[in-house]
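Novice: For what it's worth, the numbering used here labels the leading residue of the sequence shown as 9, then goes sequentially.
Heads up, the beta-carbon is just placed ideally off N, CA and C, and yes, glycines get one too.
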Amino acid sequence: MDFRQIQYFVALYEERSITKAARRLHVVQPAVSMQIRRLEVDNGTVLFERSAQGVIPNAAAARLYPLCVDILKRLEAVKEELRNISGRLIGNLSVGVPPSVALGILPAVLTEFCTQNPDVQLTVHEGYSAHLVEWLVEGKLDVAVLSEFEEERRLRYQRLVTEELLLVTNLNSTISGPEVKCADIQDLRLVLPSSQNLTRILIDNELERAGLKLTATMEVDSLAVVFGLIRDAGWNSILPAAAVKSAVERGELKSFHLVEPEIHRTLIAAFPGQKTLSAPAQLFVGYIEAALKSLQ
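1) What does DSSP give as the partner residues of Asn244 in its beta bridges?
2) Determine the burial state of Gly104: buried for a count of at least 16 other Cβ atoms within 10 Å of its Cβ, exposed for fewer.
3) Among Leu72, Leu83, Glu23, which has the Cα closest to the Cα of Gln61?
4) Quick check on DSSP: helix, strand or coil for Ile276?
5) Does the beta-carbon distance from Leu83 to Ala68 come in below 8 Å?
6) Less than 8 Å between C-beta atoms, sequence neighbours within five positions excluded: which residues of the same chain meet that for Phe121?
7) Under 6 Å Cβ to Cβ from Ala218, same chain only, skipping five residues before and after it: list those, please.
8) In angstroms with no decimal places, state the Cα-to-Cα distance between Ala224 and Lys301.
9) Is the region 242-255 touching the region 44-52 in the sense that three or more CB pairs, one from each, lie closer than 8 Å?
10) What number of angstroms, rounded off, separates the C-alpha of Leu7 from the C-alpha of Ala251?
11) Do Ala30 and Tyr165 have their beta-carbon atoms positioned less than 8 Å apart in this structure?
12) What are the start and end residues of the alpha helix (DSSP H) that includes Gln290?
13) Ser25 and Val77: beta carbons closer than 8 Å?
14) How is Ala152 classed by DSSP in three states: helix, strand or coil?
15) So what's Glu48 in DSSP terms, helix, strand or just coil?
16) Do Arg273 and Ser137 come within 8 Å of each other at the CB atom, strictly closer than that value?
17) For Ser203, count neighbouring C-beta atoms within 10 Å of its own C-beta (all shown protein chains included) and say buried if the count is 16 or more, exposed if not.
18) Suppose the cutoff is 7 Å on Cβ atoms and the five residues either side in sequence are ignored; what does the same chain contact list for Pro288 look like?
19) List the whole-angstrom C-beta distance separating Leu266 from Val188, where the pair is believed to meet the contact cut-off of C-beta under 8 Å.
20) Which residues bound the beta strand (DSSP E) around Val165?
21) Of the residues Leu261, Ala70, Tyr21, Asp150, which one's Cα is nearest the Cα of Val234?
22) Applying the 10 Å Cβ sphere with the 16-neighbour rule, what's the burial state of Ala85?
23) Using a Cβ-Cβ cutoff of less than 6 Å, which residues in the same chain neighbour Leu33 once the five nearest sequence positions on both sides are dropped?
24) Taking the alpha-carbon of Ser281 as reference, which of Arg197, Ala241, Glu160 has the nearest alpha-carbon?
25) What first and last residue would you give for the alpha helix (DSSP H) that runs through Gln124?
26) Which residue's Cα is closest to the Cα of Val145: Lys28, Gln304, Ile113?
27) Within a Cβ cutoff of 6 Å, which residues of the same chain sit near Ile113, ignoring the five residues on either side of it in sequence?
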């Protein structure tokens, strides 16, 4: 059993689909089928049951899986040690962030990280939580910042910070602060995330517990568009603190604390379960966590 077969076996075991395993490994489907078949023939055993619904690991595969995962983790640790043996952080790092983080604190984090770690080749991808989870599972990302959600068994998590959601208005708003009761914003012209967005689901759930319901005049998932509507057309929205900090500090928007109820979201860092977290990834997560906590 060689290293490639170990990689292909773990991918197929976790994905339960040759198509998904091939996509995750960035190879064609026949390559996955060939390697798994060769593994079975060379060792005189069957590891997967084939059906129209996909491939299902059997008892032998279940015994083999944790051993293979351990080998991949150990090899990743060796690679990491070799990369960092010079005492400098080097290598490639691919991270994913949601729009609320990208538009808010991310520019300052990237500037500091790249200045302090010039030998790390950093790639940043922006996306909503569902896309970030998919990219993590496929191995396209080393780490991603997400809103807390139902756990995906193929990922590992680290809680970063719990932040509040704020009422955001333009500079001409007549609202007097610093706090606004949620019951008092029901008649405002609101632009909110769509009903499938995790932030919108959180807003609706918290208000429902308080016996309240907000009606969005418009639903928009693009933060850049939402900011334009607030700033230029007098709309209002409910947004995470990380998303609005910079705009408020620049004097472009106004924000108010929501009470009765307060609304908070928890941000987490997520990592592929089969990979050891690299030193650059650990450091980047620390930068993000510090920037988020500075908003508290």
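Specialist: Based on what the coordinates show:
1) Leu198
2) By the neighbour-count rule (16 or more Cβ atoms within 10 Å), Gly104 is buried.
3) Ranking Leu72, Leu83, Glu23 by Cα distance to Gln61 puts Glu23 first.
4) strand
5) no
6) Val128, Leu130, Leu291, Phe292, Tyr295
7) Excluding residues within five positions, the ones whose Cβ falls inside 6 Å are Pro269.
8) 30 Å
9) no
10) A query on residue 7 cannot be resolved here, the shown segment of the chain reaching from 9 to 304 and no further.
11) no
12) 287-301
13) No, these two residues do not count as a Cβ contact at 8 Å.
14) Here Ala152 sits in strand by DSSP.
15) helix
16) no
17) exposed
18) Leu97, Gly99, Leu101, Asn125, Val128
19) That pair is a contact at about 6 Å.
20) In the sequence as displayed, the identity of residue 165 is Tyr instead of Val. Note, Tyr165: beta strand (DSSP E), 163-177.
21) Leu261
22) Exposed, since its Cβ has fewer than 16 Cβ neighbours within 10 Å.
23) Ala19
24) Here the sequence assigns Gly to residue 281, which means Ser is not the residue at that position. Of the listed residues, the one whose Cα sits closest to Gly281 is Glu160.
25) First-last of the alpha helix (DSSP H) with Gln124: 114-124.
26) Lys28
27) Excluding the 5 residues flanking it on each side, Ile113 has same chain C-beta neighbours closer than 6 Å at Ala250, Ala299, in chain order.
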